[in-house]
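Residue numbers (this note's numbering): 22 to 219. All C-beta atoms in this analysis are idealised placements derived from N, C-alpha and C, irrespective of residue type, glycine included. Quick caveat, the model's predicted, so the values are computed rather than measured. Scroll down for the structure; my scribbles are underneath it.
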Ligand SMILES: CC(C)(COP(=O)(O)OP(=O)(O)OC[C@H]1O[C@@H](n2cnc3c(N)ncnc32)[C@H](O)[C@@H]1OP(=O)(O)O)[C@@H](O)C(=O)NCCC(=O)NCCS
């Protein structure tokens with residue numbers, strides 16, 4: 022199977038992500054285009070979306086999986102990112118290295134388990150390496166079992182575990198993957214990537 026991936030510039034990408042989050046209504050954190058633009062503007066970022074035909078109407082191509090990432094570095098100015106950097110200090114090396122943070126992502130329920138997220142992850146790694154990034158970091162929660170299982174398959178390593186005192190299911194898990202020359206050889210998805218410019 023060849024995965025169809027679109028890489029978007031900021032404005033149109035933000036609208037596409039808002040659409041998939043809102044329209045399909047199953048992702049836990051819904052971001053608006055305004056929020057997405059505010060976060061990504063002025064920093065290196067990557068917006069990827071995979072599309073696929075509807076099973077009962079193969080002529081209709083719909084967005085099924087997405088992944089949004091941006092660079093994090095010292096110093097950050099946005100409160101949420103200042104907090105993130107603080108929490109990652111001592112667990113991720115930033116000095117002289119470029120770190121990409123996977124902010125949001127997911128696959129629509131009916132398309133899960135078909136390799137869409139692996140394809141987006143591999144494309145993200147491919148892009149990140151070409152841009153000179155050294156590591157990809159992601160944050161999840163203990164109770165996001167599907168995401169944890171998936172990140173395990175994608176060879177992300179836990180770098181920090183932040184226990185929530187009242188509910189362990191809410192504990193935060195920080196994972197990372199170092200980008201090494203051999204990373205590219207572990208990739209196995211066939212992908213067609215189209216770039217859409219604003
Ligand atoms: C996690 C999620 C993105 C996976 O997407 P997907 O398109 O189904 O993933 P893929 O089919 O590309 O699978 C990638 C790898 O993860 C594995 N995997 C997928 N779902 C899994 C699960 N529920 N448990 C364990 N492993 C899983 C696959 O077997 C595959 O491994 P392989 O390539 O070595 O065989 C999707 O289930 C999702 O959107 N879940 C909800 C999102 C969420 O929880 N967000 C919380 C915020 S972090």
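query	result
Taking a contact to mean a Cβ-Cβ separation below 8 Å, would you say residue 158 touches residue 195 in this structure?	yes
To which residues does DSSP link residue 177 through a beta bridge?	In DSSP, residue 177 forms no bridge with anything.
At the level of alpha carbons, what is the spacing between residue 76 and residue 131?	10 Å
Let's test the definition: count the other Cβ atoms within 10 Å of the Cβ of residue 95 and tell me whether it reaches 16, buried, or not, exposed.	exposed
Any contact of the region 24-34 with the region 136-148, i.e. 3+ C-beta pairs under 8 Å?	yes
Taking the straight line between their C-alpha atoms, what separation do you get for residue 127 and residue 48?	7 Å
Work out the CA separation of residue 110 and residue 217 for me, nearest whole Å.	35 Å
Across which residues does DSSP place residue 66 in a beta bridge pair?	91
In the region 131-203, which residue ranges form an unbroken beta strand (DSSP E) of at least 3 residues, counting only runs that do not cross its ends?	156-162, 178-183 and 193-199
With DSSP run on the structure shown, which of helix, strand or coil describes residue 96?	coil
Just checking residue 86 against ligand 1 - is the residue's beta carbon closer than 7 Å to any of the ligand's heavy atoms?	yes
Based on the DSSP output, what are the partners of residue 71 in its beta bridges?	26 and 86
Output the distance between the C-alpha atoms of residue 189 and residue 87, rounded to the nearest integer angstrom.	28 Å
Using only CA atoms, which one of 67, 84 and 177 lies nearest to residue 43?	84
Helix, strand or coil: how does DSSP classify residue 80 here?	strand
Can you give me the Cβ contacts of residue 39 inside the same chain, cut-off strictly under 6 Å, excluding the 5 residues immediately before and after it?	53 and 54
Confirm the yes/no value for this check: CB of residue 112, any heavy atom of ligand 1, distance under 7 Å.	no
What whole-angstrom Cβ distance do residue 57 and residue 89 have, given they're in contact under 8 Å?	7 Å
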